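*Asks:* The following block contains the structure, expressed as structure tokens.
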């Protein structure tokens, strides 16, 4: 059952969230979650993305696509993490954007979201990061990811 | 320079140090004015047998009388407003004549204080409260001697440094100031003096740039991630027991979520990470964790439907600092007595010299 925007905000306002934070949130809450994605509290907007990633509905998936292009970095980080939970085709669509993000923090979590199910184009981008990213820490993360995917 | 004793006496105050004293024309709230001719030797007062000539331990105003203490003896003086007055016959006399319980003060006292109908006498870490007799010893109130610590003066302190992976803009500076000020006001209520250390902008360090989105794992105390280890190793300017609060853009959890703050830290590198937000007591909450506090309750979940202490809507749990949600009620939030004891027992709170 959909809860009010106020109730949803309160439920999502845990400092250190657990699975309980998202308990009972479902497709009926998507509209409010999309509204919270626009909240000026970045961490709460970000948490709405994580809530949406737990909902299997077209509206939620569309919202995650838009999160991957959000101007706020934290929202894009959440989208990168969520890319591991959505269907492969949508994951590819999100990750190709997020792996090219100007912020290394976003690229890092995008790399971590990549798995065997993703397309060759996505895997190629991870290999490029491992070979030549500006951020040496991120290069190592990408190397580890490639190694993990190839069973090395 | 320390003083040995001080004395109120109408329009004048007297301050004693070694064999000398100052007479000051009082200012009600300021330092007043030292009268000409001072410092002067205490011996000028000509007390019998040279009493107090080398210095005194304590002095006490008591309306028409003043008392001066040295070692195990004292003199009672009929006051002169601006001069030495007159030592009453029979003095010096032993302090033990006053018969304080358990021989308190018989060998000497450290300080004495007039306070209307009561006087207070201090020795070591104890004191007695006496219902005054204008010219006699008065009566020690029941329950004394008692520890001076009962007055709650003993305080501990922590020092908190901020290090930001975000550029320290005026807005971010304001965020850190607010977080610290609210923490400082709240912790003062439990006798912890929070002191602000350094503020460092780490946003220009290319080696840290990807940590702006920090992997905090499940944020379990004692189990920092490699990224937390890397970030918390940056402690420039922070002493071993100082706390460092790292400001990042986002704290990413392995449970497909984000934290607002996380107090997990490597051993020997105490601190917490927070994100910029409008929850005024977030840093106080996270530092509370670092000082040993746990949440006051947990929200039931499918995995744990019956936590030991469940959060109950409408209860006063949300009045407490360690409520696990930023929606505190009746702010500022509360710190319970047992929580204060835990914080003060933490090795990170250190005694303030007094």
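Residue numbers (my numbering), protein chains in the order written: chain A, 1 to 152; chain B, 153 to 506.
We treat Cβ as the ideally placed atom computed from N, Cα and C, and that holds for glycine.
Just so we're clear, the structure is a prediction, and the values are computed from it rather than from any experiment.
1. Report yes or no: is there a C-beta of chain A within less than 8 Å of the C-beta of residue 355(B)?
2. Within 10 Å of its beta-carbon, does residue 352(B) have 16 or more other beta-carbons around it, so buried, or fewer, so exposed?
3. Which residues in the same chain as residue 78(A) place their Cβ atom closer than 7 Å to its Cβ, once the five residues preceding and following it in sequence are excluded?
4. Which residues share a DSSP beta bridge with residue 278(B)?
5. Taking beta-carbon pairs under 8 Å, can you tell me which members of the stretch 89-110 of chain A lie near chain B?
6. Could you please tell me which residues of the stretch 44-72 of chain A, in chain order, have their CB closer than 7 Å to any CB of chain B?
7. Can you give, in chain order, each stretch of the beta strand (DSSP E) that sits fully within the stretch 405-478 of chain B and has at least 3 residues?
8. Any beta carbon from chain A within less than 8 Å of residue 430(B)'s own beta carbon?
9. Measure from the alpha carbon of residue 301(B) to the alpha carbon of each residue in 428(B), 316(B), 343(B) and 335(B), then state which is nearest.
10. For residue 329(B), is the beta carbon positioned less than 7 Å from some heavy atom of the ligand SAH?
11. Chain E beta carbons: is any one of them nearer than 8 Å to that of residue 434(B)?
12. Please name the residue in 117(A), 147(A), 133(A) and 121(A) whose C-alpha comes closest to that of residue 84(A).
13. Give the list of continuous beta strand (DSSP E) stretches no shorter than 3 residues that lie fully inside the stretch 322-401 of chain B.
14. Compare the C-alpha of residue 406(B) against each of 113(A), 25(A), 52(A) and 14(A) and name the closest.
15. Check residue 486(B) in the structure and name its three-state DSSP category.
16. Under 8 Å Cβ to Cβ from residue 8(A), same chain only, skipping five residues before and after it: list those, please.
17. Assuming residue 165(B) and residue 158(B) make a contact with CB atoms under 8 Å, what is their CB distance in whole Å?
18. Should the stretch 316-335 of chain B be regarded as contacting the stretch 292-301 of chain B, the criterion being three or more beta carbon pairs within less than 8 Å?
19. Where does residue 199(A) fall in DSSP's three states?
20. Which partner residues does residue 222(B) have in the DSSP bridge list?
21. Taking the alpha-carbon positions, what's the residue 274(B) to residue 363(B) distance?
22. Would you say residue 39(A) lies against chain B (beta-carbon separation less than 8 Å)?
23. Is any beta-carbon of chain A found at less than 8 Å from that of residue 402(B)?
24. May I ask you to report which of helix, strand or coil DSSP gives residue 316(B)?
25. Counting only Cβ-Cβ distances shorter than 7 Å, please list the residues of the stretch 363-374 of chain B near chain A, keeping chain order.
26. Going along the chain, which residues of its own chain have a beta-carbon closer than 7 Å to the beta-carbon of residue 239(B), five neighbours each way excluded?
27. With 9 Å as the limit, tell me which residues of the stretch 336-361 of chain B have their beta carbon closer than that to any beta carbon of chain A; keep them in chain order.
28. Is there contact here, the stretch 428-448 of chain B with the stretch 474-486 of chain B, by at least three beta-carbon pairs under 8 Å?
29. List, in order along the chain, the chain A residues whose C-beta lies closer than 8 Å to that of residue 320(B)?
30. Since residue 453(B) contacts residue 23(A) with CB under 8 Å, what's their CB separation in whole angstroms?
31. Measuring only the C-alpha atoms, how far is residue 95(A) from residue 135(A)?
32. Identify whether residue 13(A) lies in helix, strand or coil by the three-state DSSP scheme.
33. Taking residue 13(A) as the query, report the chain B residues whose CB atoms sit under 8 Å from its CB, ordered along the chain.
34. Of the choices 183(B), 279(B), 225(B) and 215(B), whose alpha-carbon is the least far from that of residue 260(B)?
35. Nearest-angstrom Cα distance between residue 257(B) and residue 168(B)?
36. Return the residues of the stretch 116-136 of chain A that lie within a Cβ-Cβ distance of less than 7 Å from chain B, sorted by chain order.
*Replies:* Well, looking at it:
1. No - not a single Cβ of chain A is within 8 Å of the one on residue 355(B).
2. buried
3. Annotation for residue 78(A): 46, 49, 50 and 67 place their beta carbon closer than 7 Å to its own, counting only its chain and skipping 5 residues before and after.
4. 275(B) and 299(B)
5. Shown in chain order are the members of the stretch 89-110 of chain A whose Cβ falls below 8 Å from a Cβ of chain B: 103, 104, 105, 106, 107, 108 and 109.
6. Answer set for the stretch 44-72 of chain A: 46, 47, 50 and 53.
7. 409-411 and 423-427
8. yes
9. 343(B)
10. Because no ligand of any kind appears in the structure shown, any question about the ligand SAH cannot be addressed here.
11. Protein chains in the displayed structure are A and B, and chain E is not among them.
12. 117(A)
13. 344-353, 365-367 and 395-400
14. 113(A)
15. strand
16. 25, 29, 32, 33 and 36
17. 7 Å
18. no
19. Because chain A in this structure spans residues 1 to 152, residue 199(A) falls outside the shown range and cannot be described.
20. 225(B)
21. 55 Å
22. no
23. Yes, contact with chain A.
24. Strand, per DSSP.
25. 364, 365 and 371
26. Counting only Cβ-Cβ distances below 7 Å, and skipping sequence neighbours, we find 199, 200, 227 and 229.
27. 358, 359, 360 and 361
28. yes
29. Within 8 Å Cβ-Cβ: nothing; residue 320(B) doesn't reach chain A, min ~17 Å.
30. 6 Å
31. 18 Å
32. coil
33. 477, 478 and 479
34. 225(B)
35. In a straight line, the C-alpha of residue 257(B) is about 20 Å away from that of residue 168(B).
36. 135
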